[in-house]
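First up is the structure itself, then whatever we jot down about it.
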Amino acid sequence: MSETTAAPELAAPRAPRNRRSTRTNYELYGWLFMRASGVLLLVLIFGHLYMNLMVGDGINAIDFAFVGGKWSSPLWQTWDLLMLWLAMIHGTNGVRTIINDYAERVGTRVVLKSALYLAFTITVVLGTLVIFTFEPCPAGADPELLASICFP
Amino acid sequence: MTAVLENSAEPDATPEVGAVPSFDVTLRIRRFNPEASEAAAYWEEFTVTAYGTDRVLDAMHKIKWEVDGSLTFRRSCAHGICGSDAMRINGRNRLACKALLKDLDPSKPITIEPIKGLPVVKDLVVDMEPFFASYREIMPFLITSGNAPSAERLQSAEQRERYDDTTKCILCAACTSSCPVFWNDGQYFGPAAIVNAHRFIFDSRDEGAEQRLEILNDKEGVWRCRTVFNCTEACPRGIEVTKAIQEVKRAMITRAF
Ligand code: HEM
Ligand code: SF4
Ligand code: FES
Numbered sequence: 435m436s437e438t439t440a441a442p443e444l445a446a447p448r449a450p451r452n453r454r455s456t457r458t459n460y461e462l463y464g465w466l467f468m469r470a471s472g473v474l475l476l477v478l479i480f481g482h483l484y485m486n487l488m489v490g491d492g493i494n495a496i497d498f499a500f501v502g503g504k505w506s507s508p509l510w511q512t513w514d515l516l517m518l519w520l521a522m523i524h525g526t527n528g529v530r531t532i533i534n535d536y537a538e539r540v541g542t543r544v545v546l547k548s549a550l551y552l553a554f555t556i557t558v559v560l561g562t563l564v565i566f567t568f569e570p571c572p573a574g575a576d577p578e579l580l581a582s583i584c585f586p
Numbered sequence: 095m096t097a098v099l100e101n102s103a104e105p106d107a108t109p110e111v112g113a114v115p116s117f118d119v120t121l122r123i124r125r126f127n128p129e130a131s132e133a134a135a136y137w138e139e140f141t142v143t144a145y146g147t148d149r150v151l152d153a154m155h156k157i158k159w160e161v162d163g164s165l166t167f168r169r170s171c172a173h174g175i176c177g178s179d180a181m182r183i184n185g186r187n188r189l190a191c192k193a194l195l196k197d198l199d200p201s202k203p204i205t206i207e208p209i210k211g212l213p214v215v216k217d218l219v220v221d222m223e224p225f226f227a228s229y230r231e232i233m234p235f236l237i238t239s240g241n242a243p244s245a246e247r248l249q250s251a252e253q254r255e256r257y258d259d260t261t262k263c264i265l266c267a268a269c270t271s272s273c274p275v276f277w278n279d280g281q282y283f284g285p286a287a288i289v290n291a292h293r294f295i296f297d298s299r300d301e302g303a304e305q306r307l308e309i310l311n312d313k314e315g316v317w318r319c320r321t322v323f324n325c326t327e328a329c330p331r332g333i334e335v336t337k338a339i340q341e342v343k344r345a346m347i348t349r350a351f
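See the structure below:
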């Protein structure tokens, strides 16, 4: 009769990999998008900073009229829309990566990512709405504060 | 115009020819005994006399053989070939058999911990199974189609050169266990699996590149790499690990478009 001593209880190795097939190209596209949008953002952000802070009176020229004037032009509407969308998708995808890299528990990930996507949606919807529905010449406003385009 | 040669060195200061200087070195080792009533990890210091030619492994042998036989670690070849003794020495992953004590400033205690991110079994021994599981997943063997040729599968020197760097891997896990993405939840394939996939993906004789790229395109695959470069710094074989990972990424992108 052979007697066996039970092996000591060891800390369990990591749970076996439970990989649902995730072999889509999404992560590949995400990785490429970060680089492509990064290059575009470089132009958009520094172009934006230059136009607002350096040209003419620089930062002292920024007021309601300045913004109203800019958003009456399709060029700046497109520029700002592109900057808003690219920076938001880029930044959100970047923070998504950071959450994946640092949050250890599934629950933490779900909560953080839900908050992230909510913030993304609110910012993008409101931002887009403002760019397209901005009223540069509100009726009854102090003419001192309005852009020259309001007085044809 | 005359050069004067002055011999001011004191005669006693000249070391004996061939003598190796000896010194005391303190190793601060992270220990864990699973059989202890309260199994918790703790630090223990050992001071031993070592020589200028000694490696960390020699000092650890001295402790195990002469001071405390319960100190547990893996080693086999003792010459940087088998990949058994990767450990975290002064915060960096190295092979104990390749790290010279004199290069580590032996005037201060040298800290030695098990490699991170894998479950500790005892003292410096970790469970390597999760590491080898992802190694197996990338199919580290030659994949071909058709009948086997009657002679060797020929390859030019240039074709061999293409993946030369990644053939040097000894599967020590120093790279994977130095990666902060792997530390997080251990789900990332890890640099070593990608290095060994690279070794076949870029081998002109192999026909399994498609499958391996497909496997590493997983959400826990190459795209989790954040180019931290810890793996390249950790590799005792000097493999350019981060570069190999980027080459696999590039192959996936050219395949997708
Ligand atoms: C100025 C032009 C920009 C360039 C060239 C750029 C470039 C990049 C690149 C290439 C990455 C990927 C890094 C990686 O995969 O390891 C990245 C990540 C990231 N970017 Fe940008 N980006 C720019 C602007 C922005 C802006 C405006 C935001 C915020 C809205 C932002 C937020 C992030 C975040 C949160 C990450 C993730 C960090 C990480 O992965 O380590 N970036 N950026
Ligand atoms: S790539 Fe280098 S560090 Fe990584 S397992 Fe192979 S030999 Fe070790
Ligand atoms: S003991 Fe073999 S690599 Fe160090």
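If you're matching them up, the sequences are chains S and F in order. Going by the working numbering, the first residue of the first sequence is number 435, and it counts up by one from there. Going by the working numbering, the first residue of the second sequence is number 95, and it counts up by one from there. For each residue, glycine too, the CB sits at the ideal point set by N, CA and C.
Give a yes or no on whether 8 Å exceeds the smallest Cβ distance from F/R306 to chain C. Given the protein chain composition of this structure (S and F), no chain C is represented.
Just to confirm, are F/L165 and F/A190 a CB contact at a threshold of 8 Å? Here residue 165 of chain F refers to the residue found at position 71 when the second sequence is read from its first residue. Here residue 190 of chain F refers to the residue found at position 96 when the second sequence is read from its first residue. No, Cβ-Cβ distance for F/L165 and F/A190 is not below 8 Å.
Using a cut-off of 9 Å between C-beta atoms, extract the partners of F/I347 located in chain S. Translated into positions along the second sequence, residue 347 of chain F becomes position 253. Identification of chain S residues near F/I347 by a Cβ-Cβ cut-off of 9 Å yields L462, W465, L466, ordered along the chain.
Cβ contact check for the segment 302-314 of chain F and the segment 241-248 of chain F: 3 or more pairs under 8 Å: The answer is no - the segment 241-248 of chain F does not touch the segment 302-314 of chain F, with fewer than three Cβ pairs under 8 Å.
Less than 8 Å between CB atoms is the rule here; does S/Y551 satisfy it with respect to chain F? Residue 551 of chain S sits at position 117 when you count from the first residue of the first sequence. Not one chain F Cβ lies under 8 Å of S/Y551.
DSSP state of S/M488 mapped onto helix, strand, coil: What you label residue 488 of chain S is simply residue 54 of the first sequence in a count that begins at 1. Three-state result, S/M488: coil.
So, helix, strand or coil for F/L195, using DSSP? Stepping through the second sequence from its first residue, residue 195 of chain F is reached at position 101. Here DSSP, grouped into helix, strand and coil, assigns F/L195 to helix.
Could you spell out where the alpha helix (DSSP H) holding F/T348 opens and where it closes? Residue 348 of chain F sits at position 254 when you count from the first residue of the second sequence. Run containing F/T348: 335-350, per the alpha helix (DSSP H) assignment.
Using beta carbons (cut-off 8 Å, strictly below), is F/N278 in contact with chain S? The sequence position of residue 278 of chain F within the second sequence is 184, counting from 1. Interface residue, yes.
When the cut-off is 8 Å and only beta carbons count, does F/R230 lie next to chain S? As a position in the second sequence, residue 230 of chain F is number 136, starting the count at 1. Closer than 8 Å: no.
Residue range of the alpha helix (DSSP H) that includes F/N127: Against the second sequence, residue 127 of chain F aligns to sequence position 33. Where F/N127 is concerned, there is no enclosing alpha helix (DSSP H), because DSSP gives it neither an H nor an E.
Kindly examine the ligand HEM and report whether one of its heavy atoms sits closer than 7 Å to the Cβ of S/I532. For the purposes of this step, residue 532 of chain S is identified with residue 98 of the first sequence, where counting begins at 1. If you check the C-beta of S/I532 against the ligand HEM, you find a heavy atom less than 7 Å away.
Is S/G472 buried or exposed, if buried means 16 or more other CB atoms sit within 10 Å of its CB? Position 38 of the first sequence holds residue 472 of chain S. Answer is exposed; the Cβ neighbour count stays below 16.
Does F/K187 come out as helix, strand or coil in the three-state DSSP assignment? As a working note, residue 187 of chain F is residue 93 in the second sequence. Correcting the residue type first, residue 187 of chain F is Asn in the shown sequence and not Lys. If DSSP states are grouped into helix, strand and coil, F/N187 belongs with the strands.
In whole angstroms, give me the CA-to-CA distance for F/L403 and F/A287. Because residue 403 of chain F is not part of the residues shown, which for chain F are 95 to 351, the question remains open.
Within its chain, find whatever has a CB closer than 6 Å to the CB of F/G315; leave out the 5 residues flanking it on each side and keep chain order. Sequence index remark: in the second sequence, residue 315 of chain F carries index 221 (1-based). Correct list, in chain order: F283.
Compile a chain-ordered list of the residues in the segment 249-276 of chain F whose CB is closer than 9 Å to at least one CB of chain S. For chain S, the residues of the segment 249-276 of chain F that bring a beta carbon within less than 9 Å of one of its beta carbons are P274, V275, in chain order.
Answer with yes or no whether the minimum CB distance from F/A153 to chain S is below 8 Å. One-based indexing of the second sequence puts residue 153 of chain F at position 59. For F/A153, no Cβ of chain S is located within less than 8 Å of the residue's own Cβ.
Cα-Cα separation, S/V529 to S/L550: For the purposes of this step, residue 529 of chain S is identified with residue 95 of the first sequence, where counting begins at 1. For the purposes of this step, residue 550 of chain S is identified with residue 116 of the first sequence, where counting begins at 1. Rounded to the nearest angstrom, the two C-alpha atoms are 8 Å apart.
F/K192 to F/I333, Cα distance in whole Å? Within the second sequence, the letter at position 98 stands for residue 192 of chain F. Within the second sequence, the letter at position 239 stands for residue 333 of chain F. Taking the straight line from one Cα to the other gives about 15 Å.
Taking the DSSP output, what are the residues bridged to F/Y136? Here the question's residue 136 of chain F lines up with position 42 in the second sequence. Paired residues: F/R125.
Under the rule that 16 or more other beta-carbon atoms within 10 Å means buried, what is F/S170, buried or exposed? On the second sequence, residue 170 of chain F is found 76 positions in, with the first residue counted as 1. Exposed, since its Cβ has fewer than 16 Cβ neighbours within 10 Å.
Measuring only from the beta carbon, is F/D300 closer than 7 Å to any heavy atom that is part of the ligand FES? Taking the second sequence and counting its residues from 1, one reaches residue 300 of chain F at position 206. In this structure, the ligand FES has no non-hydrogen atom nearer than 7 Å to the beta-carbon of F/D300.
If you measure from each CB to the nearest heavy atom of the ligand SF4 and keep those under 7 Å, what residues do you get, in chain order? Listed along the chain, these residues meet the criterion: F/G177, F/A180, F/K262, F/C263, F/I264, F/L265, F/C266, F/A267, F/A268, F/C269, F/T270, F/P285, F/A286, F/V289, F/C325, F/A328, F/C329, F/P330, F/R331, F/I333, F/V335.
What are the start and end residues of the beta strand (DSSP E) that includes F/V214? Position 120 of the second sequence holds residue 214 of chain F. Boundaries of the beta strand (DSSP E) around F/V214: 214-216.
Leaving out the 5 sequence neighbours to the left and right, which residues in its chain are closer than 7 Å to S/K504 when beta-carbon positions are compared? Translated into positions along the first sequence, residue 504 of chain S becomes position 70. If we look at S/K504 and ignore the five residues flanking it on each side, its Cβ neighbours are W510.
How about F/A144: is its Cβ closer than 7 Å to a heavy atom in the ligand HEM? Translated into the one-based positions of the second sequence, residue 144 of chain F becomes position 50. Every heavy atom of the ligand HEM is 7 Å or more from the Cβ of F/A144, so no.
Taking F/A287 as the query, report the chain S residues whose CB atoms sit under 8 Å from its CB, ordered along the chain. The count along the second sequence starts at 1 and reaches residue 287 of chain F at position 193. Neighbours of F/A287 on chain S: none; closest Cβ ~12 Å, over 8 Å.
Residues of chain F with CB closer than 8 Å to the CB of S/Y536, please, in chain order. Here residue 536 of chain S corresponds to residue number 102 of the first sequence, with the count starting at 1. Going along chain F in sequence order, the residues near S/Y536 (Cβ under 8 Å) are N278.
Measure from the alpha carbon of F/R186 to the alpha carbon of each residue in F/L198, F/I175, F/C176, F/V161, then state which is nearest. As a position in the second sequence, residue 186 of chain F is number 92, starting the count at 1. The shortest C-alpha separation from F/R186 is found at F/L198.
Can you check whether the CB of F/P234 is closer than 8 Å to the CB of F/N184? The sequence position of residue 184 of chain F within the second sequence is 90, counting from 1. The sequence position of residue 234 of chain F within the second sequence is 140, counting from 1. No.
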